[in-house]
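Below you'll find the structure, written out as structure tokens, and then a few comments.
2 protein chains.
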Amino acid sequence: MGDDDLLRKAGLRVTAARLAIMQTVRDGDHLDVDGVHRGVRRRVGQVSLQAVYDSLHALHRAGLVRKIEPMGSPARYEARVGDNHHHLVCRRCGTVTDVDCTVGVAPCLEPADDAGYVVDEADITFWGVCPSCQR
Amino acid sequence: MGDDDLLRKAGLRVTAARLAIMQTVRDGDHLDVDGVHRGVRRRVGQVSLQAVYDSLHALHRAGLVRKIEPMGSPARYEARVGDNHHHLVCRRCGTVTDVDCTVGVAPCLEPADDAGYVVDEADITFWGVCPSCQR
DNA sequence: CCCTTAACTTGAGTTATTCAAGTTTACGAG
DNA sequence: CTCGTAAACTTGAATAACTCAAGTTAAGGG
């Protein structure tokens, strides 16, 4: 299924800007809004930064992109969605690396005691220093 | 051991503002910087917002308070530190609730594949809707 | 009781993000 | 196909959280 179908299925209109955003996020590696903006303009020419914010917001609400926000750094977006994977973030350089879920399918989705909450997502970030910053 | 000793042991000077910050964070429930500021002024009178930022930063570096930053909301601080507990955050009202670690002591500290990172902290946030917002 | 330097104050600056108002465009209805 | 409308986009200003900088105060070792 193409990106256009995914958009339509989510009740969103298909525009060049949105297709370019989806491609850029998929090709990129946890890009921030500015990075997405640059990628989009390289593909389809001038698009305003606000359009990128707006579209990423819409895509996120529709579940087509995932948003992560490591503390102290701007929000980042990725295409892998719905597979409950997590992130390693480097304290030095801020690089984000995917980690698959520890034990099988979705063991991290449920807390021991949910305190009455209806939980729909688990957001797990491991903090450390990446190989190239360890030198 | 009193807060003053904790501060000294961390190589920090003991001031009324810092003691008040530590008390406020301990008494409060995941307060943001503004909440801490209010609590501190109630205890010791006028203290600048920047002093609160500065001190919280120092206390955090010293490991005396823990900082959490749920996406989309300002940073929050708590006194429970070093016990690897996690958080439930309400999507509606933003309330933060502590959850103890799922399986025993520190099972969540290590990812399945650390990709060469030296991991020192795991930050786990469960997103959902709290009991009082479910009505 | 000084002296040094950490801690604090005041005030301005930065950055990521949002708000608002007006214009354009996708796309379903006719 | 073309028309109307709401979604999408544009431009520009505003906001919130936080940081930076320069000068003042005060903790605590000598």
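Sequences listed follow chains Y and E, in order.
0 is the number of the first residue of the first sequence in numbering that gives the first Met the number 0; add one for each residue after it.
0 is the number of the first residue of the second sequence in numbering that gives the first Met the number 0; add one for each residue after it.
Glycine included, C-beta positions come from ideal geometry on N, C-alpha and C.
Which residues in the same chain have their Cβ closer than 6 angstroms to the Cβ of residue i, if we skip the five residues on either side of it in sequence?
i	result
Leu18/Y	Asp2
Gly103/E	Below a pLDDT of 50, predicted positions are generally treated as unreliable, and Gly103/E, at 44, falls in that range; the measurement from the model is reported next regardless. Correct list: empty, nothing qualifies.
Met21/Y	Asp2
Quick one: which chain Y residues come within Cβ less than 8 angstroms of residue i?
i	result
Asp112/E	Val98, Asp99
Residues of chain E with CB under 9 angstroms from residue i, in chain order?
i	result
Ala9/Y	The premise fails here: Ala9/Y is roughly 19 angstroms from chain E at the closest Cβ pair, so nothing lies under 9 angstroms.
Met0/Y	Within chain E, no residue comes near Met0/Y; the closest Cβ sits about 27 angstroms away, beyond 9 angstroms.
Secondary structure at residue i, three-state DSSP: helix, strand or coil?
i	result
Cys92/E	coil
Ala19/Y	helix
Asp148/Y	In this structure chain Y extends from 0 to 134, so residue 148/Y is not present and cannot be described.
Arg7/Y	helix
Gly71/E	coil
Leu87/Y	strand
Asp122/E	strand
Arg65/E	strand
Gly1/E	coil
So residue i contacts chain E; which residues on that side make the cut at Cβ distance below 8 angstroms?
i	result
Tyr116/Y	Leu87, Cys89, Thr96, Phe125, Gly127, Val128, Cys129, Pro130
Using the beta-carbon of each residue, which ones in chain Y are nearer than 7 angstroms to residue i?
i	result
Glu120/E	Trp126
Run down chain E in chain order and give the residues with a C-beta less than 7 angstroms from the C-beta of residue i.
i	result
Gln133/Y	Val117
Can you name, in chain order, every residue of its own chain whose Cβ lies under 7 angstroms from the Cβ of residue i, other than the five neighbours on each side?
i	result
Arg90/Y	Trp126, Gly127, Val128
Val43/Y	Ala15, Ala16, Ala19
Cys132/Y	Cys89, Arg91, Cys92
Gly34/E	Gly27
Arg7/Y	Val13
Below 8 angstroms on the Cβ atoms is my contact criterion, and I expect residue i with residue j to pass it. Report the Cβ-Cβ distance as a whole number of Å.
i	j	result
Ile67/Y	His29/Y	7 angstroms
Ala78/E	Val64/E	6 angstroms
Asp31/Y	Pro73/Y	5 angstroms
Asp112/Y	Asp53/E	Not confirmed; about 36 angstroms, so no contact.
Please return the same chain residues whose Cβ sits closer than 8 angstroms to the Cβ of residue i, not counting the five positions on each side in sequence.
i	result
Pro69/Y	Arg75, His86, Val88, Gly93, Val95, Thr124
Val46/Y	Ala16, Ala19, His36, Val39, Arg40
**Asked** In chain order, what residues of the stretch 68 to 79 of chain E put their CB closer than 8 angstroms to some CB of chain Y?
**Response** Glu68, Met70, Gly71, Ala74
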